[in-house]
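What follows is a single structure, written as structure tokens, with notes after it.
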């Protein structure tokens, strides 16, 4: 059956059976509110990723309810976590590693190698006037070649949303993205900035 996971002010992550509404598992380890949780997919299907006001990110094993890996480096609350579609070569472990990302009130998006809890792989710094990163989402958008105007392969982009004193901003991290009228209409109340 289907399950859902939740993050709480009691510093726990809980997994629930949707049909019976019964609690299945409790994950304990954060020392402050759990702000964001995300189920893994594909080869990470038995994992949950969480971000907390304790400034940490945890990768959990659903079967054992234990933390597999913890990531530290943000200077403020972690508001959002996401599994990245990217894979990197990891010479330390002799193979490929999946990548996760996190957005924080410290106004950064950090990318992490899940097989190593060392420092971030890459950091995107937001505008100094922003109030922090509140959501991240990877999307696949079609790209066009400039000269041929023909569709190319799908490219993965990172869209992040941040709150600024003047409103909501959307950042897209990719060059030459073709946004359809439908996409622009959906974003008509937001300011679109390509970085």
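Residue numbers (UniProt numbering): 1 to 195.
The beta-carbon is built from N, C-alpha and C at its ideal position, and this holds for glycine as well.
Give the single residue among the options whose Cα lies nearest to the Cα of residue i.
i	options	result
residue 138	44, 99, 12, 85	85
residue 129	106, 44, 6, 57	106
residue 45	16, 24, 83, 56	83
residue 14	61, 75, 42, 53	61
residue 108	115, 19, 133	133
residue 10	21, 32, 18	32
What is the C-beta distance between residue i and residue j, in whole angstroms, given that I count them as a contact (C-beta under 8 Å)?
i	j	result
residue 51	residue 80	6 Å
residue 48	residue 37	6 Å
residue 100	residue 88	11 Å between Cβ atoms; not a contact.
For residue i versus residue j, is the C-beta distance shorter than 8 Å?
i	j	result
residue 30	residue 6	no
residue 76	residue 102	no
residue 116	residue 74	no
residue 59	residue 69	yes
Rounding to the nearest angstrom, what Cα-Cα distance links residue i and residue j in this structure?
i	j	result
residue 120	residue 2	33 Å
residue 198	residue 122	The first residue shown for the chain is 1 and the last is 195, placing residue 198 beyond what the model contains.
residue 136	residue 124	12 Å
residue 195	residue 126	Low confidence applies here, because residue 195 scores a pLDDT of 35, under 50, leaving its location unreliable and the question unanswered by this model.
residue 53	residue 4	21 Å
residue 167	residue 131	Here residue 167 scores only 42 on pLDDT, less than 50, and its place in the model is too uncertain to base an answer on.
Here's the rule: buried if 16 or more other CB atoms are within 10 angstroms of the residue's CB, otherwise exposed. What is residue i?
i	result
residue 78	buried
residue 98	buried
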